[in-house]
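Q: Counting with UniProt numbering, you get residues 1 to 166 for the letters of the sequence shown.
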Amino acid sequence: MTVLNQQQTNDLFCDIESRLLGASSVILEYLNNLKPACSELGQIEWRYRLSGFLEGLSLTGHIDSLYLESLASMLFARDVKSREVRPGRAHAFSIDIITDQSKVYRFDVPSTNPLDAYAQLTKRTAYNAIPGIEAIEVYAGFRKDRVKEAQPLRVFAKSELIYSNP
Numbered sequence: 001m002t003v004l005n006q007q008q009t010n011d012l013f014c015d016i017e018s019r020l021l022g023a024s025s026v027i028l029e030y031l032n033n034l035k036p037a038c039s040e041l042g043q044i045e046w047r048y049r050l051s052g053f054l055e056g057l058s059l060t061g062h063i064d065s066l067y068l069e070s071l072a073s074m075l076f077a078r079d080v081k082s083r084e085v086r087p088g089r090a091h092a093f094s095i096d097i098i099t100d101q102s103k104v105y106r107f108d109v110p111s112t113n114p115l116d117a118y119a120q121l122t123k124r125t126a127y128n129a130i131p132g133i134e135a136i137e138v139y140a141g142f143r144k145d146r147v148k149e150a151q152p153l154r155v156f157a158k159s160e161l162i163y164s165n166p
C-alpha cells in the first residue's frame, strides 16, 4: 500500500472537496472528520471509511463515479518498493515430491530457507491434491538451474510431512 504523507493527504481531501457537487455543510464536515491523523496515515482503515463514504456520495449524485475509480486505485495502490524487496522470498528453491507410485512432482518455491520453502508449498492447492506422498526433497535454486548431480539440501521423510493427502 502506498503511504501518503500529511501534505499529500491534505491535497487529496481538498481535491475531493472541490469535486463535490452541491454538497451541504454536513457532508463537508463529515468528509473533514474522515481525514486521518498523522499517526493513522500508514493504516488502511481510514481509506476504507473514505472509500465507503464517497461511494455513498456517488450513489446520491454528489460526486462523479469515474473519479471514484481513479481515487480507489490511488488509495489502495501497492507501493512499488514493497513489491521489489521481499525478504521472505529472497532465495530460490525447487522441491521434488516423491509419491508411493514413484511419480515425481516438481515445484519452484521462493523462500528464506528449505523448511520455509516446504511450508510455503503446503499452502498451494496443487500440493494438497497429490495423494500418497512419501518424501519431499528441497534443492537450492529453481528447477531450470538445477544440475543432474544436485543433492537435496533437505529431505522430509513421510513421518515429517505436514498437510499431506493420504
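We treat Cβ as the ideally placed atom computed from N, Cα and C, and that holds for glycine.
(1) Quick check on Thr99: does DSSP put it in helix, strand or coil?
(2) Determine the DSSP secondary structure at Ile130, reduced to helix, strand or coil.
(3) Would you mind working out which of Leu121, Lys35, Phe13 sits nearest Asp96, comparing C-alpha positions?
(4) Helix or strand or just coil, what does DSSP make of Glu160?
(5) What are the boundary residues of the beta strand (DSSP E) that includes Phe142?
(6) I'd like to know if the segment 59-68 and the segment 32-40 are in contact, where contact means that at least 3 CB-CB pairs between them fall below 8 Å.
(7) Are Leu115 and Arg89 touching if we call contact CB-CB under 8 Å?
(8) Could you check which residue in Pro152, Ala150, Ile136 has the C-alpha nearest to that of Ile162?
(9) In the DSSP assignment, what are the bridge partners of His91?
(10) Mind checking who Ala135 pairs with in its DSSP beta bridge?
(11) Please classify Val138 as buried or exposed, where buried requires at least 16 other C-beta atoms within 10 Å of its C-beta.
(12) Let me check understanding here. Comparing Cα to Cα, which of Ala126, Leu75, Val3, Val26 lies closest to Tyr105?
(13) Which of the three DSSP states, helix, strand or coil, is assigned to Arg106?
A: According to the structure shown:
(1) strand
(2) Note: Ile130 maps to coil in three-state DSSP.
(3) Looking from the CA of Asp96, the closest CA among Leu121, Lys35, Phe13 belongs to Leu121.
(4) helix
(5) Neither: Phe142 is in no beta strand (DSSP E) and is coded neither H nor E.
(6) Cβ pair count under 8 Å is below three, so no.
(7) no
(8) Ile136
(9) BP columns for His91 point to Ser111.
(10) Ile98, Ala157
(11) buried
(12) Ala126
(13) Note: Arg106 maps to strand in three-state DSSP.
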